[in-house]
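Enquirer: Residues in the sequence shown are numbered from 90 upward in steps of one, following the working numbering.
Virtual Cβ for every residue (Gly too), placed ideally from N, Cα, C.
Values in this document were obtained by computation on a predicted structure and should not be read as measured data.
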Amino acid sequence: MENPRMNDVGTSYLLWLGCLFQLHGLHRFYNKQYFSGFLWLFTFGFLGMGQLVDLFLMPQMVEQYNHKIRGQLGFSPTGVPLNGSAIAMKTIPLSSDRLMVKLTRSAAKRGGQISVTQAVMDTGIGFAEVESALNAMVKSGYVQVDNHPKTGVVLYHFIEL
């Protein structure tokens with residue numbers, strides 16, 4: 090099977106403009122709707138009304154095609170592999186000391202304070218483990234807990250940074 094590509098809404102709209110040159114339905118051919126593409130071509134875009142309606146249906150038409158292609162490739166509508174062919178990666182757990190070093194570096198990049206979510210994003214470690222490490226640093230006196238004044242998000246302020 091050839092490697093099909095996802096369609097783009099912008100390209101479909103550009104092909105829709107083919108109606109200005111009496112080439113109605115090009116956008117339907119692009120989205121692999123051949124029967125209606127020929128119908129639009131030979132009936133002048135279904136007497137112009139079909140062509141006009143397609144202006145509003147275009148995003149759904151493209152998404153329908155892309156959904157079909159994702160299914161053929163073995164992916165869910167959100168892009169997750171369905172057939173278990175995802176590559177399993179072996180992760181080596183960090184020691185608590187190494188995690189604390191990563192958290193400190195992450196906080197240094199962010200002005201000396203960090204939230205749990207920011208730490209998870211920067212380290213790639215799960216929420217529970219990051220929060221546990223940050224709380225251990227609070228207990229040891231390296232970090233203070235505070236809240237963001239506007240959002241109320243819990244921030245961990247590294248005192249020495």
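Quick one: Cα of V151 to Cα of G99, how far?
Expert: Sequence index remark: in the sequence shown, residue 151 carries index 62 (1-based). Sequence index remark: in the sequence shown, residue 99 carries index 10 (1-based). Going from the Cα of V151 to the Cα of G99 covers about 10 Å.
Enquirer: Measuring CA to CA, which of S229, T193 and L106 is closest to T212?
Expert: Taking the sequence shown and counting its residues from 1, the one referred to as residue 212 is at position 123. Comparing Cα positions, the closest option is T193.
Enquirer: For a test of the three-state rule: what should DSSP assign to Q260, helix, strand or coil?
Expert: Since the displayed the chain opens at 90 and closes at 250, residue 260 lies outside it and no answer follows.
Enquirer: Grouping DSSP H, G and I as helix and E and B as strand, with all else coil, what is I158?
Expert: Numbered from 1 along the sequence shown, position 69 holds the residue referred to as residue 158. Three-state result, I158: helix.
Enquirer: Would the region 154–161 count as touching the region 194–205 if we require 3 or more Cβ pairs under 8 Å?
Expert: no
Enquirer: Cβ atoms of Q202 and L162: under 8 Å apart, would you say?
Expert: Along the sequence shown, read from residue 1 onward, the residue named residue 162 stands at position 73. Along the sequence shown, read from residue 1 onward, the residue named residue 202 stands at position 113. Contact flag unset, no.
Enquirer: State buried or exposed for A222, treating a residue as buried only when at least 16 other CB atoms are found within 10 Å of its CB.
Expert: Walking along the sequence shown from the start, residue 222 turns up at place 133. Flag for A222 reads buried.
Enquirer: If distances are taken between C-alpha atoms only, which option among F127, P238, F133 and Q122 comes closest to F110?
Expert: Sequence index remark: in the sequence shown, residue 110 carries index 21 (1-based). Minimum Cα distance to F110 is reached at F133.
Enquirer: Alpha carbon to alpha carbon, how far is L171 from Y119? Give it in angstroms, no decimals.
Expert: For the purposes of this step, residue 119 is taken as the residue at position 30 of the sequence shown. For the purposes of this step, residue 171 is taken as the residue at position 82 of the sequence shown. Distance from the CA atom of Y119 to the CA atom of L171, rounded to whole angstroms, is 26 Å.
Enquirer: Starting from the N-terminal side, write out each stretch of the alpha helix (DSSP H) that is 4 residues or longer and does not extend beyond the region 98–162.
Expert: 98–105, 115–119, 123–131, 133–136 and 138–162
Enquirer: Starting from L188, trace the alpha helix (DSSP H) both ways and give me its first and last residue.
Expert: One-based indexing of the sequence shown puts residue 188 at position 99. From DSSP, the alpha helix (DSSP H) with L188 extends over S185 to K198.
Enquirer: If you compare alpha carbons, which of C108, M189 and L250 is closest to F131?
Expert: In the sequence shown, counting from the first residue as 1, residue 131 sits at position 42. Measuring from the Cα of F131, the nearest candidate turns out to be C108.
Enquirer: Determine the burial state of N96: buried for a count of at least 16 other Cβ atoms within 10 Å of its Cβ, exposed for fewer.
Expert: Residue numbering aside, residue 96 sits at position 7 when the sequence shown is read from its first letter. N96 comes out buried.
Enquirer: What whole-angstrom Cβ distance do D113 and L104 have, given they're in contact under 8 Å?
Expert: The residue given as residue 113 occupies position 24 in the sequence shown. The residue given as residue 104 occupies position 15 in the sequence shown. Per the sequence shown, the amino acid found at residue 113 is His instead of Asp. 10 Å between Cβ atoms; not a contact.
Enquirer: Cβ atoms of I214 and L250: under 8 Å apart, would you say?
Expert: In the sequence shown, the residue the question calls residue 250 occupies position 161. In the sequence shown, the residue the question calls residue 214 occupies position 125. It is not a contact, given that the beta carbons lie outside the stated cut-off.
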